[in-house]
Amino acid sequence: SPGTTDTATTLYNGIFLAYGNRIIGPNTGVTTIVDTVWQSAGAQTATGDGTEANPYIVTTRLFYNIGGGTGYDAGTDLLVEVQTIYAYPNAYFTENVTVTPPTSNTQVIKYYHTLDTYLAGGDNGPAFSLDPSLAINNNTTGDPSYVGVRKGIGTSTEAIVGFAEVEGSRQF
């Protein structure tokens, strides 16, 4: 709903990792699927002045404390670094995500970024991807380059929101 904030416990927002048989994610209280909650690997940093030549860059570092120490340890812990980059007046931002496993890692790691949206006056709508067969068949093994939700198709109030995967600095 429009009154919900990013700290609400009714949203599925956040970065999640499947690490072996564990799910690591934010402490939203909305789901019991999270086995382990992220820990901060230091304060967020913000740089830039918002121009194309010097965009805003916010860097967030989170870790899964596998080793049980008092802070991030590259030898035993899993680190996720997210850089959110924005230059005014672009209608989009870019996120670069780096997942660094422990040096002795043998586990399969899968990355998920979830977003609960309130689009065009509602909290639901049909999901789709650039390869329509992936969404139509609910295929979770495909690799779509765009996944989103679209409402009011073909009307004057048509709206869309989604995630796009692009190479390098190409604009989608």
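Using this note's numbering, read the sequence shown as starting at 251 and increasing by one per residue. All C-beta atoms in this analysis are idealised placements derived from N, C-alpha and C, irrespective of residue type, glycine included. A quick note: this is a predicted structure, and the numbers were derived from the prediction, not measured.
Cutoff 7 Å; reference residue i; Cβ partners in own chain excluding five residues on either side
| i | result |
| --- | --- |
| Y269 | Y314, L328, Q357 and I359 |
| T364 | Y262, N263, G264 and F266 |
| D323 | G317 |
| N271 | none |
Backbone secondary structure at residue i - three-state DSSP
| i | result |
| --- | --- |
| G321 | coil |
| T343 | Looking at the sequence shown, residue 343 is not Thr but Phe. Coil, per DSSP. |
| Q333 | strand |
| T356 | coil |
| S290 | strand |
| T297 | strand |
| G270 | coil |
| T405 | coil |
| G307 | This sequence places Ile at residue 307; Gly is not what is there. Correct three-state label for I307: strand. |
| T326 | coil |
| I265 | strand |
| Y338 | coil |
| I410 | strand |
| A385 | Because the pLDDT of A385 is 48, which lies under 50, any placement of that residue in the model is unreliable, and the number read from its coordinates should be weighed accordingly. Helix, per DSSP. |
Alpha carbon of residue i to alpha carbon of residue j, nearest angstrom
| i | j | result |
| --- | --- | --- |
| P339 | N346 | 20 Å |
| N355 | Y361 | 16 Å |
| P276 | A303 | 33 Å |
| I403 | A409 | 8 Å |
| F343 | T334 | 7 Å |
| A293 | T350 | 18 Å |
| A385 | K401 | Its pLDDT being 48, under 50, A385 is placed unreliably by the model, and nothing is read from it. |
| V399 | A341 | 17 Å |
| Q289 | T320 | 10 Å |
Sequence-distant residues of the same chain with beta carbon closer than 8 Å to residue i, five excluded per side
| i | result |
| --- | --- |
| T301 | A337 and Y338 |
Residues near residue i by beta carbon distance below 6 Å, same chain, minus five either side
| i | result |
| --- | --- |
| A296 | V308 |
| T348 | E331 |
| T405 | none |
| R311 | A291, G292 and E331 |
| G298 | N304, P305, Y306 and I307 |
Expected contact under 8 Å - CB spacing of residue i and residue j to nearest Å
| i | j | result |
| --- | --- | --- |
| P352 | T326 | 5 Å |
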